[in-house]
Amino acid sequence: MQYPDDSRLRVRSQPQAGRFTQTRSGSVVNLNDPSLMRAQQYTIDRQTIMQQQARGSLTTSALPSRSRRPSSMVNGNASNEILMEMERMKRAIMSLQEQLAFAEDTITAMRLKEREANDRKALDLQKQIESNGRFENLCQGATRPSQIVEKYDILYTQGRIDAIDDLDKIAGLSKYGKHQEMKQKVLYGIMVASYKVAYDYLNQLKLNIRRLLGIPEKYTGNEKDSYGEVVNFLNTYFQSTTQTFNVEPIVEDVQEQLAQLLPEFPSLSKLPGIALYTADCCRIAWSMVNQFPPMELEHSQEKFIPEMHARFHSSSEKNNKIKMYVWPCLVDSSNKSILYKGVVWT
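Basically our numbering = 1-based index in the sequence shown + 905.
Here is the structure:
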């Protein structure tokens, strides 16, 4: 009996023990072939990489979006925010520095103006001393002559203008042909009447006190006797209380005179602006008559005098004849020096 070649049978029965294997198609493959080993390794490496990528993609997609940001990006954003905040702080500091510089400039300018104003006041005071030889008692405060002159100026430049506006509210005043001159005369007349009433009221008050104390009416004053001490005390008392003294009787007297002067306008003195103007005129007039010696109002000149008068804005520069007084002249009765120029219409 003849047996077949058994070499193939050994290969088929023991495929795992040798270096060869048979594929499904029947071909024999050498497992130690280098190209086959490289192909197998490539396949294994590719599968490993694909698995790792799959796991990495799955893990990354499951995490929050913020955790996926690289740490370098987070640190970069934080640095940008810090830089922006520092820039804002720098701008704020620069703005504060500019405001501080502006405030310092303003303070310097105000101090300069204050110094200039004090210099002007000192110069005016020096001129006043040189002109009349009188010194002011600084303890008198608002009753000092220079303060009275300043209030007199404010009354003309401000108080009188406000009162003119109230006169326009009076029905029938415009029927006068020269109603503008009429308004000027009314306000000028209130100032003059206030001074006269205040002067008479003070003299009558002093006379009544003298009678009560038994001081002779013709007593001229002597500081060495008791009468002189009383008279000096009264003068000092009235002067020091001019800002608090009750001037209501003087105001009522002036209002009555105004009603008698213009009976066709009975509500004139009751207008708020006119009532306030009248009270201010009486208060400053009371301060004038209580000076030592008293101040005077001059309003009787017929010819324009540059040292005594100032022209009203609508006056004629070529004519020196005074048509009317707009504001009386304030005079020091001791030496007749001009404290405040009167305003006239020429």
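We put the beta carbon where it would ideally sit given N, CA and C, even for glycine.
Note that the coordinates shown come from a computational prediction; the quantities given were computed from them, not determined experimentally.
Enclosing beta strand (DSSP E) for Y1245 [first to last residue]: S1242 to Y1245
Minimum C-alpha distance to K1101 - residue among T1251, I1155 and R1115: Distance from the Cα of K1101 is smallest, within the candidate group T1251, I1155 and R1115, for I1155.
Completely contained alpha helix (DSSP H) runs for the segment 1165-1207, where each covers 4 or more residues: 1177-1194
Other residues of its chain near I1221: CB distance less than 7 Å, five sequence neighbours each side excluded: The question names Ile, but residue 1221 in the sequence shown is Ser. Result list for S1221: T1251, in chain order.
Boundaries of the alpha helix (DSSP H) in which L1110 is found, first to last residue: H1084 to L1118
Test item: CB-CB of V1054 and L1244 under 8 Å: yes
Contacting residues, own chain, Cβ-Cβ under 7 Å from S1238 (five flanking each side not counted): P1198, P1199, M1200 and E1201
Distance between I1179 and L1167 (C-alpha atoms, nearest Å): 14 Å
Extent of the continuous beta strand (DSSP E) to which R1216 belongs: Note, R1216: beta strand (DSSP E), H1214 to R1216.
CB of L1139 within 8 Å of CB of K1111, strictly: yes
Range covered by the beta strand (DSSP E) that runs through Y1061: Premise fails: Y1061 is in no beta strand (DSSP E) and is neither H nor E.
For D1010, three-class secondary structure by DSSP: If DSSP states are grouped into helix, strand and coil, D1010 belongs with the helices.
Start-to-end residues for the beta strand (DSSP E) that takes in D1130: Taken as a continuous stretch (DSSP letters only), D1130 belongs to no beta strand (DSSP E), as it is neither H nor E.
Exposure label - A1068; buried when at least 16 CB within 10 Å: It is buried - the Cβ of A1068 has at least 16 other Cβ atoms within 10 Å.
Alpha-carbon spacing of F1007 relative to R996, whole angstroms: 17 Å
Extent of the continuous beta strand (DSSP E) run through D1237: That run of the beta strand (DSSP E) goes C1234 to D1237.
Beta-carbon proximity list for L1235, same chain, < 7 Å, skipping 5 on both sides: Beyond the five residues adjoining it in sequence on each side, L1235 comes within less than 7 Å, by CB distance, of V1054, Y1057, M1200, L1202, L1244 and Y1245 in the same chain, given in chain order.
Spatial distance of C1187 from Q1148 (CA atoms): 11 Å
Close-in-space but distant-in-sequence residues of the same chain around N1224 (CB under 7 Å, 5 per side omitted): T1251
Rounded C-alpha distance that separates F1143 from E1009: Here the alpha carbon of F1143 sits roughly 46 Å from the alpha carbon of E1009.
Per DSSP, cross-strand counterpart(s) of Y1142: Looking at the DSSP assignment, Y1142 forms no beta bridge with any residue, so it has no partner.
DSSP-derived helix/strand/coil call for V1152: In this structure, V1152 counts as coil in the three-state DSSP scheme.
Neighbourhood of K1088 by C-beta distance below 7 Å, restricted to the same chain and skipping five residues each side: Excluding positions up to five away in sequence, the list reads I1069 and L1072.
Rounded separation between K1228 and R1065 - CA only: 20 Å
K1056 in three-state terms, based on DSSP: helix
Same chain only: Cβ atoms within 6 Å of F1217, ignoring 5 sequence neighbours per side: V1231, V1248 and W1250
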